[in-house]
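Asker: Numbering (our numbering), first residue to last: 2 to 442. C-beta: ideal position from N, C-alpha, C; glycine also. Computed from a prediction, not measured in an experiment: that's the story for all the values here. A single structure is presented below for examination.
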Ligand SMILES: [Zn+2]
């Protein structure tokens, strides 16, 4: 596991690469990410054969661009992929053609609001070809000249050069507890030369993984699975190849756009008032935040994880909106170390509560003889807990999780958990795990 001076420095390593659904630079990105993940997390890259059916989708082909440029016929080169990978529409078809400006114009893309930037445009599935350029440059192109458009691109279907995603798992203290299942954290790696979307989420997720490896969740907690890959199709392809993992998933966070200077925004689960929503709200209650519905823009892989036929409760954490979105202005200049780290910390706090939470189920009859078992709490040491003992003990019927008990008695989660753990140590409660609430097909 490589050490790092800042999350921004990791981001700088893969930021400029031509990352897309399947590309050599995307492979390189997954290697870089892996080099920073905890050694103990068993970081693994999986490869899927292009064109293979995955649920209702198909695994995309590897995209190779040998060269791409736009020239004024007999004159200067106005746009060159070699200068910036955003200059072509991602997954553009090959072309080598001389066109009039009128013929060319439908294939040119720019951003009206940020006329000095190159926008990022993709046409992965309804394929065509196109160039992206600053509006300022577009305005200057002579209308009466002919243009030569050249894109030497290739779509490779060799299964050995397939589509890649990566996962890693960080276990709680003492190793995995299969009954508790897994919590999933995802960030996507597929946007060329974009920093905040979602290189930022990727490095915040690396930080989160390292924190959970350094200070593991309490014994018996969920394991935390980390996932990196291309947006949407990446998660679909991964789950379609690993359906047996789905019943293990008890919740998820999609992390993205965590580096710009803005407050945290979180998006509800599709269930809306799930335990995960309430825990998120609890963790954030002292900070200023934006709260949005499930899959509000920008929606990502939570639409897969929390979508039809899977339906595992999944929130999203981001710092959207920001003006530079999907343009060359989404670069390292708008990345703030404290924002990147802050998002990791927020996710960490949510996961520490959610993944260590369980439902205590009583094994005893009658009120427990507290002082006989060292369970009495001296009111001089903790008045509030002393007052809450009866209420807590009355909630061991297997209907409330520790988090809910803490909410009901008005005490801190960790105070209540520590106390319930003492009952568990004496064999007075059994821990029922947070159940799988997704769809079983
Ligand atoms: Zn995006």
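Can you find a heavy atom of ligand 1 that lies under 6 Å from the Cβ of residue 198?
Answerer: Translated into the one-based positions of the chain shown, residue 198 becomes position 197. Yes, the beta carbon of residue 198 sits closer than 6 Å to at least one heavy atom of ligand 1.
Asker: Just to confirm the assignment, what range does the alpha helix (DSSP H) spanning residue 202 have?
Answerer: For this step, residue 202 is matched to residue 201 along the chain shown. Segment 202-215, the alpha helix (DSSP H) holding residue 202.
Asker: Go ahead and label residue 330 buried or exposed: buried means 16 or more other beta carbons lie within 10 angstroms of its beta carbon, across all protein chains shown.
Answerer: Taking the first residue of the chain shown as 1, we reach residue 330 at position 329. With 16 or more Cβ atoms within 10 Å of its Cβ, residue 330 is classed as buried.
Asker: Pairs of beta-carbons, one from the region 279-290 and one from the region 211-229, closer than 8 Å: are there three or more?
Answerer: Short answer: they don't touch.
Asker: Alpha carbon to alpha carbon, what distance is there between residue 335 and residue 262?
Answerer: Reading the chain shown from its first residue, position 261 is the one you call residue 262. Reading the chain shown from its first residue, position 334 is the one you call residue 335. Straight-line Cα distance between these residues: approximately 8 Å.
Asker: Is it the case that the Cβ atoms of residue 435 and residue 417 are separated by a distance below 7 Å?
Answerer: As a first step, residue 435 must be located in the chain shown, where it is residue number 434. As a first step, residue 417 must be located in the chain shown, where it is residue number 416. The answer is no: Cβ separation not under 7 Å.
Asker: Establish whether the CB of residue 316 and some CB of chain C are separated by less than 7 Å.
Answerer: Absent from the structure is chain C; it holds one protein chain and no more.
Asker: DSSP puts residue 55 in a beta bridge; with which residues?
Answerer: Residue 55 sits at position 54 when you count from the first residue of the chain shown. Looking at the DSSP assignment, residue 55 forms a beta bridge with 58.
Asker: Please say whether residue 316 and residue 259 have beta carbons closer to each other than 7 Å?
Answerer: The residue you call residue 259 lines up with position 258 of the chain shown. The residue you call residue 316 lines up with position 315 of the chain shown. Result no, Cβ atoms of residue 259 and residue 316 do not sit closer than 7 Å.
Asker: Determine the DSSP secondary structure at residue 82, reduced to helix, strand or coil.
Answerer: Here residue 82 corresponds to residue number 81 of the chain shown, with the count starting at 1. Coil, per DSSP.
Asker: What does DSSP give as the partner residues of residue 63 in its beta bridges?
Answerer: Position 62 of the chain shown, counting from 1, holds the residue named residue 63. 157, per the DSSP bridge assignment.
Asker: Could you pull the start and end residues of the beta strand (DSSP E) that residue 76 belongs to?
Answerer: Within the chain shown, numbered from 1, the residue matching residue 76 stands at position 75. Here residue 76 belongs to no beta strand (DSSP E), and DSSP marks it neither H nor E.
Asker: Within the continuous alpha helix (DSSP H) that includes residue 393, where are the two ends?
Answerer: On the chain shown, position 392 is the one that residue 393 refers to. Per DSSP, residue 393 belongs to the alpha helix (DSSP H) from 384-394.
Asker: CB residue 37 to CB residue 3, shorter than 7 Å?
Answerer: Along the chain shown, read from residue 1 onward, the residue named residue 37 stands at position 36. Along the chain shown, read from residue 1 onward, the residue named residue 3 stands at position 2. Result yes, Cβ atoms of residue 37 and residue 3 sit closer than 7 Å.
Asker: Expressed to the nearest angstrom, what Euclidean distance is found between the alpha-carbon atoms of residue 252 and residue 275?
Answerer: For the purposes of this step, residue 252 is taken as the residue at position 251 of the chain shown. For the purposes of this step, residue 275 is taken as the residue at position 274 of the chain shown. In a straight line, the C-alpha of residue 252 is about 10 Å away from that of residue 275.
Asker: Residues bridged to residue 278 by DSSP?
Answerer: Translated into positions along the chain shown, residue 278 becomes position 277. Answer by DSSP bridge pairing: none, since residue 278 is not bridged.
Asker: Sort out for me which residues DSSP pairs residue 184 with in a bridge.
Answerer: Mapped onto the chain shown, residue 184 falls at position 183. Note: residue 184 sits in a beta bridge opposite 225 and 252.
Asker: DSSP state of residue 435, grouped into three classes?
Answerer: Translated into the one-based positions of the chain shown, residue 435 becomes position 434. Coil at residue 435, not helix or strand.
Asker: May I ask which residues mark the beginning and end of the alpha helix (DSSP H) holding residue 5?
Answerer: Here residue 5 corresponds to residue number 4 of the chain shown, with the count starting at 1. Note, residue 5: premise wrong, no alpha helix (DSSP H); not H, not E.
Asker: What span of residues does the beta strand (DSSP E) with residue 127 cover, start to end?
Answerer: As a first step, residue 127 is located in the chain shown; it is residue number 126 there, counting from the start. Unbroken run through residue 127: none, as it is neither H nor E.
Asker: Between the C-alpha atoms of residue 342 and residue 320, what's the straight-line distance to the nearest angstrom?
Answerer: Residue numbering aside, residue 342 sits at position 341 when the chain shown is read from its first letter. Residue numbering aside, residue 320 sits at position 319 when the chain shown is read from its first letter. Distance between the alpha carbons of residue 342 and residue 320: 12 Å.
Asker: Quick one: does the C-beta of residue 431 sit closer than 6 Å to a heavy atom of ligand 2?
Answerer: For the structure depicted, ligand 2 is absent and the ligand set comprises only ligand 1.
Asker: If you draw a straight line from the alpha carbon of residue 91 to that of residue 193, how long is it in whole angstroms?
Answerer: In the chain shown, residue 91 corresponds to position 90, counting from 1. In the chain shown, residue 193 corresponds to position 192, counting from 1. Straight-line Cα distance between these residues: approximately 9 Å.
Asker: Can you tell me which of 280, 326, 50 and 239 puts its alpha carbon nearest to the alpha carbon of residue 201?
Answerer: Within the chain shown, numbered from 1, the residue matching residue 201 stands at position 200. Minimum Cα distance to residue 201 is reached at 326.
Asker: Using a Cβ-Cβ cutoff of less than 6 Å, which residues in the same chain neighbour residue 102 once the five nearest sequence positions on both sides are dropped?
Answerer: By 1-based counting over the chain shown, the position of residue 102 is 101. Same-chain partners within the cutoff: 144.
Asker: Taking C-alpha atoms, which residue in 99, 51, 67 and 76 lies nearest to residue 89?
Answerer: Against the chain shown, residue 89 aligns to sequence position 88. When each option's Cα is compared against that of residue 89, the closest is 67.
Asker: Just checking my contact of residue 218 with residue 42 at CB under 8 Å: how many whole Å lie between their CB atoms?
Answerer: For this step, residue 218 is matched to residue 217 along the chain shown. For this step, residue 42 is matched to residue 41 along the chain shown. With 8 Å as the limit, residue 218 and residue 42 do not qualify as a contact, their Cβ atoms being about 13 Å apart.
Asker: What residue from 191, 367 and 420 has the CA that sits closest to residue 383's CA?
Answerer: Indexing the chain shown from 1 puts residue 383 at position 382. Answer by Cα proximity: 420.
Asker: Which of helix, strand or coil does DSSP assign to residue 30?
Answerer: Position 29 of the chain shown, counted from the first residue, corresponds to residue 30. Residue 30: helix per DSSP, three-state reduction.
Asker: Tell whether a beta-carbon distance below 7 Å holds between residue 257 and residue 147.
Answerer: Along the chain shown, one-based indexing puts residue 257 at 256. Along the chain shown, one-based indexing puts residue 147 at 146. Against a cut-off of 7 Å, the Cβ pair of residue 147 and residue 257 comes out as no contact.
Asker: If you follow the alpha helix (DSSP H) that residue 141 is in, where does it begin and where does it stop?
Answerer: As a first step, residue 141 is located in the chain shown; it is residue number 140 there, counting from the start. Residues 136-141.
Asker: Which same chain residues end up closer than 8 Å to residue 7 when comparing Cβ atoms and leaving out the 5 residues on each side of it in sequence?
Answerer: Translated into positions along the chain shown, residue 7 becomes position 6. Excluding positions up to five away in sequence, the list reads 338.
Asker: If contact is defined by three or more beta carbon pairs under 8 Å, each pair taking one atom from either stretch, is the region 57-67 in contact with the region 19-32?
Answerer: Cβ pair count under 8 Å is three or more, so yes.
Asker: Alpha carbon to alpha carbon, how far is residue 107 from residue 295?
Answerer: Here the question's residue 107 lines up with position 106 in the chain shown. Here the question's residue 295 lines up with position 294 in the chain shown. Cα to Cα, the separation comes out at about 35 Å.
Asker: Since I believe residue 94 is in contact with residue 130 (beta carbons under 8 Å), could you give me their beta-carbon distance rounded to a whole number of angstroms?
Answerer: Indexing the chain shown from 1 puts residue 130 at position 129. Indexing the chain shown from 1 puts residue 94 at position 93. Right, the Cβ-Cβ distance comes to about 5 Å (below 8 Å), so this counts as a contact.
Asker: Which same chain residues, not among the five before or five after residue 117, have their C-beta less than 7 Å away from its C-beta?
Answerer: If you number the chain shown from 1, residue 117 lands on position 116. Contacts found: 135 and 137.
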